[in-house]
Amino acid sequence: MKWRLRLMMLFQYAIWGAWYVTVGTWLGQTLHFSGTEIGAIAGTTAIGAMISPLFAGLLADRWFDTRGVLAALHVLGAALLGFAAQQHAFGVLYATLLVYSLCYMPTLALTTSLAMRHIDDPREEFGAIRVFGSIGWIVVGLVVGAASIEATASPLYLAAGLSLAMAGYCLTLPATPPLAGNKRFELRQALPLEALHLLRGRSMAVFALASFLICIPLQFYYAFTNLFLNEVGVVNAAGKMTGGQMSEILCMLLIPWFFRRLGVKYMLAVGMLAWVVRYVLFAFGAPGELMWMLWFGIILHGICFDFFFVVGQIYIDREAPPALRAATQGLITFITYGLGMFVGSWLSGLAVDAYAATDAQGLVAHQWRPIWLTAAGFAAAVLVLFLLLFKDRERAADPELSHLNLATREKTP
Numbered sequence: 005m006k007w008r009l010r011l012m013m014l015f016q017y018a019i020w021g022a023w024y025v026t027v028g029t030w031l032g033q034t035l036h037f038s039g040t041e042i043g044a045i046a047g048t049t050a051i052g053a054m055i056s057p058l059f060a061g062l063l064a065d066r067w068f069d070t071r072g073v074l075a076a077l078h079v080l081g082a083a084l085l086g087f088a089a090q091q092h093a094f095g096v097l098y099a100t101l102l103v104y105s106l107c108y109m110p111t112l113a114l115t116t117s118l119a120m121r122h123i124d125d126p127r128e129e130f131g132a133i134r135v136f137g138s139i140g141w142i143v144v145g146l147v148v149g150a151a152s153i154e155a156t157a158s159p160l161y162l163a164a165g166l167s168l169a170m171a172g173y174c175l176t177l178p179a180t181p182p183l184a185g186n187k188r189f190e191l192r193q194a195l196p197l198e199a200l201h202l203l204r205g206r207s208m209a210v211f212a213l214a215s216f217l218i219c220i221p222l223q224f225y226y227a228f229t230n231l232f233l234n235e236v237g238v239v240n241a242a243g244k245m246t247g248g249q250m251s252e253i254l255c256m257l258l259i260p261w262f263f264r265r266l267g268v269k270y271m272l273a274v275g276m277l278a279w280v281v282r283y284v285l286f287a288f289g290a291p292g293e294l295m296w297m298l299w300f301g302i303i304l305h306g307i308c309f310d311f312f313f314v315v316g317q318i319y320i321d322r323e324a325p326p327a328l329r330a331a332t333q334g335l336i337t338f339i340t341y342g343l344g345m346f347v348g349s350w351l352s353g354l355a356v357d358a359y360a361a362t363d364a365q366g367l368v369a370h371q372w373r374p375i376w377l378t379a380a381g382f383a384a385a386v387l388v389l390f391l392l393l394f395k396d397r398e399r400a401a402d403p404e405l406s407h408l409n410l411a412t413r414e415k416t417p
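Throughout, this note's numbering is defined as the position within the sequence shown, counted from one, plus 4.
Below, the structure is given as structure tokens:
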């Protein structure tokens, strides 16, 4: 059973990694979209993350077997990806990928809930299953990079094919019928509104604000790094970017060791500092003698993501009352992967357009140094704000530190 669930996770995240990493390069270099348009399309997944909690659990928890919901969403997603790959106008392409994101983003939570239903001890066993999602992202990134198809629509077709394969595979998984079919539905079950009162506490409010703000410069990386690397002449950029996911896996293993020594506040701060350092490295790195700076910036992804977002989930799990933990995690997910990423997509696009110029051949080139320094400056401001305002409750002896619960972690690009 565990290996069947691992294969499910591998398919689930390979689909996302197949097209999302390189779509900006296709849009910018081949379709000649503006930075604002590229950012808007990258932000479709953020809209999906905000809206999908309203209906994702509702379908599987009350009316349909989770397998059937997953299969239907992935079949529809495959059709939408195939259609998107044939579009060249911004309006149609944006609308198509927005609808696709509304189909795909719910499947992240549904695959997690399905896996949890079919293992004995989610706390101990889920991490080893979920890591195969990162492996799927790495494998597909290496394939796309080796095939040199980053500036084409082929990654969308690849993702469509993987979606069809995933749909068929989901139907082979064990039955996962709804558990709440006879219970009356209440809106508060879909919206994490009950967790809002936790934000009255200063530390939780500062954490939520910092989480929202740090996701704004974060979207510079997700939306434009592949375009940047291709534009400056890095070979096999998509393959090299998988180094970020490789470091992510390593950093997951190191979190308990650092947690015991640094605590919540300074681990979160190190995560934000890593974003500042990454963008400075991108600003001054280049192929050739300075390629090490680009490599280091990519590999920092493990610290950037795990030390802030995963440790943040641990912090929420520690601070929220047991009855509100799921709702609070949902609220922070809405604030970060939803609102923060959406605002970041818009602002990063504006920044990229501000430093774009058209040459004599009509090709668009960007001044990447000020773009990355803008992102670094924003991240640095968030870091300073966090260090000044956040105060963590010190715990001299916390039994949770010996077996940190990383099982609830959700993946981003």
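Glycine residues also receive a C-beta, built at the ideal position from the N, C-alpha and C atoms.
Run of the alpha helix (DSSP H) containing residue i, from where it starts to where it stops
i, result
"A212", "R206 to E235"
"S167", "S158 to C174"
"G247", "A241 to F288"
"H305", "H305 to F309"
"V315", "V315 to E323"
Residue i: CB within 7 Å of a non-hydrogen atom of the ligand SAM
i, result
"N234", "Looking for the ligand SAM in the displayed structure turns up nothing, as the structure carries no ligands at all."
For residue i, the three-state DSSP class (helix, strand or coil)
i, result
"H370", "strand"
"A361", "strand"
"S38", "coil"
"V144", "helix"
"Q16", "helix"
"I3", "The chain is shown only over 5 to 417; residue 3 falls outside these bounds and no answer can be derived."
"G292", "coil"
"G47", "coil"
"L84", "helix"
"F394", "coil"
"Y25", "Per the sequence shown, residue 25 should be read as Val rather than Tyr. It is coil, neither helix nor strand."
"H238", "Strictly speaking, residue 238 in this sequence is Val, with His absent from that position. In this structure, V238 counts as coil in the three-state DSSP scheme."
"M297", "helix"
"S117", "helix"
"L177", "coil"
"E154", "coil"
"M109", "helix"
"H78", "helix"
Beta-carbon proximity list for residue i, same chain, < 6 Å, skipping 5 on both sides
i, result
"V274", "F311"
"P403", "With a pLDDT of 43 at P403, under the threshold of 50, the modelled position of that residue is not reliable, and no figure is offered here."
"T416", "Bear in mind that a pLDDT of 45 at T416, under 50, signals an unreliable position, so the model cannot answer this."
"W141", "Y17, G21 and Q249"
"Y283", "W376, A379 and A380"
"S38", "D357"
"R399", "With a pLDDT of only 46 at R399, under 50, the local geometry of the prediction cannot be trusted, and the value read off the model is given with reservation. Counting only Cβ-Cβ distances below 6 Å, and skipping sequence neighbours, we find nothing."
"V368", "A360 and T362"
"A278", "L304, I307 and C308"
"A151", "none"
"R121", "T180"
Cβ shell of residue i (< 8 Å), same chain only, five flanking positions each side left out
i, result
"M276", "A214, I218, F312, A383, V386, L387 and F390"
"L11", "F136 and Y173"
"Q4", "A query on residue 4 cannot be resolved here, the shown segment of the chain reaching from 5 to 417 and no further."
"E252", "S138, H305, G306, F309 and D310"
Own chain partners of residue i with C-beta closer than 7 Å, once the 5 adjacent residues on each side are dropped
i, result
"L351", "I220"
"K269", "F394 and D396"
"A242", "V25, T26, G145, V148, G149, E154 and N230"
"P374", "Y359"
"V238", "K244, P291 and L298"
"L35", "H92"
- [ ] Determine contact between the segment 7-21 and the segment 108-128, defined as no fewer than three beta-carbon pairs at a distance below 8 Å.
- [x] yes
TODO: Determine, using beta-carbon pairs with one atom in the segment 35-53 and one in the segment 130-141, whether at least three such pairs fall under 8 Å.
DONE: no
Open item on the list: If contact is defined by three or more beta carbon pairs under 8 Å, each pair taking one atom from either stretch, is the segment 212-223 in contact with the segment 375-387?
Closed with: yes
TODO: Decide if the segment 248-268 is in contact with the segment 67-83; the criterion is three or more beta carbon pairs, one per stretch, under 8 Å apart.
DONE: no
Task: Segment contact, 8 Å Cβ cut-off, at least three pairs: the segment 72-81 with the segment 151-160 - done: no
TODO: State whether the segment 93-101 contacts the segment 117-124, with contact taken as three or more CB pairs (one from each stretch) at a distance under 8 Å.
DONE: no
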